[in-house]
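Line by line, the protein sequences give chains A and B. Numbering-wise, the working numbering puts 105 at position 105 of the first sequence, and it's gapless, one number per residue. Every number in the working numbering is 109 more than the matching position in the second sequence, counting from 1. Built from N, CA and C at the ideal position, the CB exists for glycine as well. Here's the structure, in structure tokens; my notes come after.
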Amino acid sequence: MSPSFLGEFEQMVLLAVLQQGESAFALEVRQELERSAGRSVSRGAFYTTLDRLERKGLVRWEERLPRDSRRSAPLRHFEVTPDGIDALRTSRRALETLWRGLDEVLEGT
Amino acid sequence: MSPTPHRLPDWAARALRRGLPGGVRGASIRGDLAEEYSMRRPGLGREVWLAAEVARLVYHYRRSPGWGGGAVSTAFRFALRRLRRDPVFGGLAILTTALGIGGTVALFSVVKAVLLDPLPYHDPEGLVAVYEAHLPRAVDRNVANPGNVAAWREAASIVAAEGIVLPQPRLVSAGDDPREVMSSVVTPGYLEVLGVEPESGPGFSPAAGAADGGQVVLSRLGWLELLGGDPDAIGRTLTVNGTSAEVVGVLPAVHLPFADGSLLLLAMPLSAMGDQTNSGRFLNVVARRAAGAELADVRRELQSITAGLRATHPDFNAGWYVQVEELRGEVLGDVRAPLWILFGAVGVLLLVACVNVANLTLARATDRSGELAVRTALGASRGGLAGQLVVESLVLAALGGFAGIGVAWLGTRLLTPALMESFTIPRLGDVGLDIGVLAFAAAVTAGTGLFFGLAPAVSAGRRGPAATLGAEGRRVGRGGGRVRRLLVVAEVALSVVLLTTAGLLVRSFDSITNAETGFDAARVVTGRVNLAGPRYAGTEPDIRFFDALEPRLASLPGADAAGGVSFLPLDGLGSATSFHAADRAVPPREEWLVADIRTVTGDYFGAMGIALVQGRAFEATDRQDSERVVVVSRSLVERTWPGENPIGRPLAINWDDLEPWTVVGVVEDVVHADLTDAPRPMAYHTVAQAPYFPFMTLVVRTRADAAEAVAGLRRAVAGVDPAVPLTRVQTMDAVVRASTARPRITAFLVTLFAAVAALLAAVGLYGVLSFAVARRVREIGVRMALGARAADVVTMVTLQGLRLVAAGLVIGLAIAAAGSRLLESILFSVSGRDPLAFGASAALFALVGAAACVIPALRAVRVRPGMALREE
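See below:
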């Protein structure tokens, strides 16, 4: 299947999941996003984006039992699927093509 | 010790359980939130943060596609988003709708409580009011004679029960200074007939009033005013006219027919109220039809009994018939017409608001024609688009409706006291936003939304995408333009109807306030004295009191004149009886005329500024043992001795006896109960010769200020008897003002509605013209490039608008003329087709309309030819 077109926020979420790796729980991913984007991330938008990415088959999750005893609720551990990796790659290529040759314009004074 | 697990407060957990998807998905989100929550510093800030997070989560999930979404919710979301994007339009539309809906709902709540809800009595449909009526004199709804009432009660088989009311002011004290309050004497069965039970206390015992040891039942108002709402009121003792009475009941806040406004009810058997040896008529009768008996049956039976009474007591029953009416109509009385008129007026305002919003929506739809065309081209069905537009209107209407309920709530708060005061509307205590009113609000809101959503929806459905896209939204919408022009004409017409109505009511109010009263209210202060209690038993003490008071009134400091009268004009109660000229053949009883009877003391005519037309006023020499003299009003003379000199003539007045009184003076006619009444014959006695009433309203025309005059009055009264209080102190101006409160508020409210409607119509007109100018920028540019002068352009645009105004004016005036018949019942000395009211409203709206036209026209002139052409 042809890779889906990714929105900016979707890309950021996917990248943040990848960054967190083993500790890619929703909470941590969101914190990572806020740290790297430097702005607050709407909780609702974040979770619904995860759901959408899941529906598109770009991420999957499994339930893990929390190790921290204060965590009473179940935790979802996220992982980017091969399709997700493909989609990121496609997006990056598309962007890089577009960026090429514009350094002077964008970086210049 | 194990650490405390992260937890959310209950309310948040509950909200999220409902708002988020189930299973692990939702649970994990809740867990995340709980963890962040527990890491934050406890305090108010944390709770606010949590509330915001929960709201946003739920909002997002509600909106998220595939989860609770659907065509309708998508349309709603879209509608909300559009509103946010265009806040000026949204705000205007919501404000307009809120005003219309709010006003309508506020008045509906009044109409419902007063006119539509059943009376708060047991089986209210079975209740009737029974009056006497004098057919030859065209007197209807007259109070009844106690002997006749007893005869009805005795002989009638199909009137199940009855309650009789006799309103009387009494001096009442709950341990403090006595004051005069309105009270009603009723037969013990009065409350039973109505089916009104005391909220507390047993109520009257069946034998109440027969023996000494009085019992009183307090109305809700009386309980609050006399006992300060004491929860242990039952069993407390009040002093009523100097004797003590036990409180045996407190009534709920209901309207008491013929006793409304009374603070307390006293029980008295009918036999103690009077009999046929006293020919006076003073009783109000409420009765209940027996099961199965129709109103007509009751009328027939009582009529035949009354025919017998005319035969057995021709001396005072000649010409008198019985009149039986549904109690409902009597309770509501004449508040119906003005209330329906107000409701109609606010309904018209709502229509104007709807038309205005429809117009706004249409204008926006034209702006959006590009968008709609694109969406049609992309495959949106016409039905779908029309649906979208309707949903948008409904969303607008719903927001307007919510704001409108707020307006209505505020409106009833502001309206109720004003209406209550001026209409003395029965049952206005019950006005509120109950389920019925809210259902009405919802229906009005939905209707409003459909109304102003349908026009644009229909016009959007009609237009083909190719035409619209080809025109690129600049020369489009001839169809929409026509609908908008029609809407503006409708707005103008409706506003003119309201303006004309307001004009008529204001003119009528003006005639009322300028009506001839016969007295001069300026600088006059009044206050009542009531001689009650054992010390004033019989008439001798009354005469002594007023005799002693008279010189004190005459020497009041700062007073031009002072006196007193038994019944002040425009202040409610009065007394009347029949009379005839005693210097000619006695006419048959039923042809005797009726005169209002007043007793006066001191210089009453001087104090009130009532002009002496002929002869003399009373003098100190008019005593019990001197000649019986009477001063009569001009209209009494005109009806009795037309064109003759009345001075010295004998007048037989049917009071205690028919011994003639000698007419010594004629005074100008004075209004009696209402400024709109025609003058009635009136006969004045001096209290020394006719001590009929143990009370008097003192009247002072003062040179000093009112407070000083009142203090002087109090000193004068206390100088005679310190135990007699001076009550109900008010200026005569206030008395007159209070009597015009109803036409004042009706005129005021309709004028307010009309002003808002005219403003809305002007906004609509302005919108349509601005839009037309914007559409014709190129054409105007070309015209100006070809040498058209600015004045020509202004004229052209203004004329375009004035054509709409003219069409609306003609239609509106026609509707107003056709509908004026509905108004005539509340108009006073103004015709329903008063040319001044019609002309003024037309002129006023023409002015407003011209202003609304000129602004866009002036803008058109500023079009620069070059720019206009470049726009192509």
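Residue range 713-717 is occupied by the alpha helix (DSSP H) that includes phenylalanine 714 of chain B.
Between the segment 502-514 of chain B and the segment 547-560 of chain B there are three or more C-beta pairs closer than 8 Å, enough to call the two in contact. Separation of valine 326 of chain B and proline 297 of chain B (C-alpha to C-alpha, rounded to the nearest whole angstrom) is 10 Å. For the set B/Ala472, B/Ala870, B/Leu658, B/Arg345, the Cα lying nearest the Cα of valine 601 of chain B is the one of B/Ala870. A Cβ-Cβ distance of about 19 Å is found for the pair alanine 704 of chain B and proline 800 of chain B, leaving them out of contact under the 8 Å criterion. Serine 72 of chain A belongs to the set of residues whose beta carbon lies under 9 Å from a beta carbon in chain B.
Going by DSSP, arginine 397 of chain B is part of the beta strand (DSSP E) stretching over 393-398. In this chain, valine 796 of chain B is not harboured by any beta strand (DSSP E), its DSSP state being neither H nor E.
Annotation: valine 407 of chain B to valine 433 of chain B spans about 8 Å, alpha carbon to alpha carbon. Nearest neighbour of arginine 661 of chain B by Cα position, chosen from B/Val598, B/Gly821, B/Thr348, turns out to be B/Gly821.
Shown here for proline 643 of chain B: same chain residues with a beta carbon closer than 8 Å to its own, the five before and five after excluded, namely Gly351, Thr352 in chain order. Counting other Cβ atoms within 10 Å of its Cβ, valine 914 of chain B reaches 16 or more and is therefore classed as buried.
DSSP places arginine 837 of chain B in the strand class (E or B) of the three-state scheme. Residue pairing by DSSP leaves tryptophan 158 of chain B without any beta bridge partner. The beta carbon of threonine 860 of chain B is closer than 7 Å to those of Ala611, Val615 in its chain, skipping five residues each way along the sequence. Around serine 42 of chain A, the beta-carbon contacts reaching into chain B at under 8 Å are Arg165, His169. For aspartate 141 of chain B, a Cβ of chain A is located within less than 9 Å of the residue's own Cβ.
Using a Cβ distance threshold of 9 Å, arginine 473 of chain B and aspartate 842 of chain B do not count as a contacting pair. Residues of the same chain with a CB within less than 7 Å of the CB of glycine 438 of chain B, apart from the 5 flanking positions on each side, do not exist.
By the 16-neighbour rule on beta-carbons within 10 angstroms, threonine 113 of chain B is exposed.
Asparagine 393 of chain B places its beta carbon less than 9 Å from that of valine 274 of chain B.
For a Cβ distance threshold of 8 Å, residue set Ser137, Ile138, Asp141 of chain B lies close to alanine 26 of chain A, ordered along the chain. In this chain, asparagine 763 of chain B is not harboured by any alpha helix (DSSP H), its DSSP state being neither H nor E. When the alpha-carbon of alanine 283 of chain B is set against those of B/Gly338, B/Glu625, B/Val483, B/Arg743, the nearest one is in B/Gly338. For asparagine 639 of chain B, there is no enclosing alpha helix (DSSP H); the residue is found in the beta strand (DSSP E) stretching over 633-639. Within the segment 76-108 of chain A, those residues whose Cβ lies closer than 9 Å to any Cβ of chain B are, in chain order, Arg76. For glycine 304 of chain B, the closest of B/Trp701, B/Val363, B/Arg329 by C-alpha to C-alpha distance is B/Val363.
The contact set of alanine 45 of chain A on chain B, defined by CB atoms closer than 8 Å, consists of His169 in chain order. Note that the C-beta distance between phenylalanine 688 of chain B and alanine 761 of chain B is below 9 Å.
At least one CB of chain B lies nearer than 9 Å to the CB of arginine 30 of chain A. When the five nearest sequence neighbours on each side are left out, the beta carbons in the same chain lying within less than 7 Å of the beta carbon of valine 882 of chain B are those of Val906, Pro965, Arg968, Ala969, in order along the chain. In this structure, leucine 224 of chain B and leucine 365 of chain B do not form a Cβ contact; the two beta carbons are roughly 19 Å apart against a cut-off of 8 Å. Put simply, of B/Leu159, B/Asp141, B/Pro751, B/Gly154 the residue whose alpha carbon is nearest the alpha carbon of aspartate 68 of chain A is B/Asp141.
For glutamate 63 of chain A, the nearest beta carbon of chain B is closer than 9 Å to its own beta carbon. Close CB contacts of asparagine 426 of chain B within its chain, under the 6 Å cut and outside five residues either way in sequence, are with Leu418, Arg419 (chain order). Only those residues of the segment 140-159 of chain B whose C-beta falls short of 9 Å from the nearest C-beta of chain A are listed: Gly140, Asp141, Leu142, Ala143, Glu144, Glu145, Ser147.
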